Amino acid sequence: MTGPGPHPAIRAKVRGRSPLIGTFLNLGSALAAEACALAGFDWLLVDLEHGGRGEDGLLGQLLAGAAHDVPVLVRVESDSRIRAGRVLDAGASGVMFPRIESVEEVATAVRHLHYPPEGDRGVATYNRSCGFGLAPEMLERSGSLVVAAIQIETRAALESVEEIARVPGVDVLFVGPRDLSHALGIPGQMDHPTFREALGRVSRAAEAAGVAAGILAGSAEAAARYADEGFTFLAVGSDSTSLATAARGTVQSFRAALGRAQTASSRP
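Under the numbering used here, residue 325 is the last one in the sequence shown; the count climbs by one each step, no gaps.
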């Protein structure tokens, strides 16, 4: 079990740009988070932007990840200082910022992850990240451990992606495929040449800057394709989609089996 603060190894692994497979946590359930941790994911991400619960459900999910040595990141609702600070104080291993569009916005967001003088994160040691006062050294260490993931999901962000990638402290350029495809006027068309070109631009920008390119994939096959294109921080679905997909498969297989049994029993 890892300690109460950010995972000691995740940022180095991300910056090393070896493929890392994670999933989004949408249900807001500590049990679902633990099930995903046990499944073998390299990282988990609690989604406070679109997820089913808010910050009130965060602690249990962080504890579930820590119990099985799986780092848990958090996508915050906005790039405001207080949102990033609160999830970091709770012990998150990184923060994903949605709807970022400019170099200035990125630089401001990254500052929220660091204590002064490098940043503007509020300073306190009695929180979980600092071991409730028993690990004050985290004030000096956490800045080197926390992952900063910047979403590229608008046309403006895409147009500035090379400059965004070079902002000091950025670790991941993370494509929101649905948002980006809508922004490009090709909703949901992940095979459209315009979307493929956009992905190539993000991947090249990340490689040139020495940071990771990330994306949410709808399937293992899509994730493998993205990996071939240079994406290394790979999310596959979510706890809710995994549950729904598995449940549908179970229902379909049972209905098929019942259908075969009924057909067999009706034969003379």
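For every residue, glycine included, the Cβ atom is placed at its ideal position computed from N, Cα and C. Keep in mind it's a predicted model, so treat the numbers as computed, not measured.
Could you check where the alpha helix (DSSP H) with Q208 kicks off and where it finishes?
Working through the sequence shown from its first residue, we reach residue 208 at position 151. Segment 204–209 is the beta strand (DSSP E) holding Q208; no alpha helix (DSSP H) there.
Secondary structure at R258, three-state DSSP: helix, strand or coil?
Here residue 258 is taken as the residue at index 201 of the sequence shown, counted from 1. Helix at R258.
In angstroms with no decimal places, state the Cα-to-Cα distance between A301 and E194.
Translated into positions along the sequence shown, residue 301 becomes position 244. Translated into positions along the sequence shown, residue 194 becomes position 137. Spanning the two alpha carbons is a distance of roughly 43 Å.
If you count every other CB in all the chains shown that lies within 10 Å of the CB of H107, and 16 or more means buried, which is it?
In the sequence shown, the residue the question calls residue 107 occupies position 50. It counts as exposed.
Looking at the ligand PLP, does it come within less than 7 Å of E91, judged from the CB to the closest heavy atom?
No copy of the ligand PLP occurs in the structure displayed, which carries no ligand at all.
What does the Cβ neighbour count give for G316, buried or exposed, with the cut at 16 atoms within 10 Å?
Within the sequence shown, the letter at position 259 stands for residue 316. The residue in question, G316, is exposed, as its Cβ has fewer than 16 Cβ neighbours within 10 Å.
Buried or exposed (CB count within 10 angstroms, at least 16 for buried), A270
Here residue 270 corresponds to residue number 213 of the sequence shown, with the count starting at 1. Counting Cβ neighbours within 10 Å, A270 comes out buried, since at least 16 surround it.
Roughly how many whole angstroms lie between the Cα atoms of E175 and S159?
As a working note, residue 175 is residue 118 in the sequence shown. As a working note, residue 159 is residue 102 in the sequence shown. Computed Cα separation, rounded: 20 Å.
Since L84 contacts G117 with CB under 8 Å, what's their CB separation in whole angstroms?
Locating residue 84 in the sequence shown gives position 27, where the first residue counts as 1. Locating residue 117 in the sequence shown gives position 60, where the first residue counts as 1. With 8 Å as the limit, L84 and G117 do not qualify as a contact, their Cβ atoms being about 11 Å apart.
Could I get the ranges of all uninterrupted alpha helix (DSSP H) runs contained in the region 62–102, with 4 residues as the minimum, in chain order?
67–73, 87–96
Look at the Cβ atom of P76, then the Cβ atom of G188, and state whether they are nearer than 8 Å.
To locate residue 76, count along the sequence shown from 1; it is residue 19. To locate residue 188, count along the sequence shown from 1; it is residue 131. No, these two residues do not count as a Cβ contact at 8 Å.
Please list the terminal residues of the continuous alpha helix (DSSP H) segment that includes A181.
Mapped onto the sequence shown, residue 181 falls at position 124. From DSSP, A181 is part of no alpha helix (DSSP H); its letter is neither H nor E.
Going by beta-carbon coordinates alone, are V259 and V232 separated by less than 8 Å?
Stepping through the sequence shown from its first residue, residue 259 is reached at position 202. Stepping through the sequence shown from its first residue, residue 232 is reached at position 175. For V259 and V232, yes; Cβs fall inside 8 Å.
In chain order, what residues of the same chain have a beta carbon less than 7 Å from the beta carbon of A262, not counting five sequence neighbours either side?
By 1-based counting over the sequence shown, the position of residue 262 is 205. Hits under 7 Å: V218, E219, A222, L230.
Between the region 289–308 and the region 238–257, are three or more C-beta pairs nearer than 8 Å?
no
Grab me the residues of A266's own chain with a C-beta within less than 6 Å of its C-beta, minus the 5 sequence neighbours each way, in chain order.
Here the question's residue 266 lines up with position 209 in the sequence shown. Contacts found: A222, R223.
Please identify the residue among L130, T165, R312 whose C-alpha is closest to the C-alpha of D136.
Looking up residue 136 in the sequence shown gives position 79. Checked all of L130, T165, R312; the closest Cα to D136 is T165.
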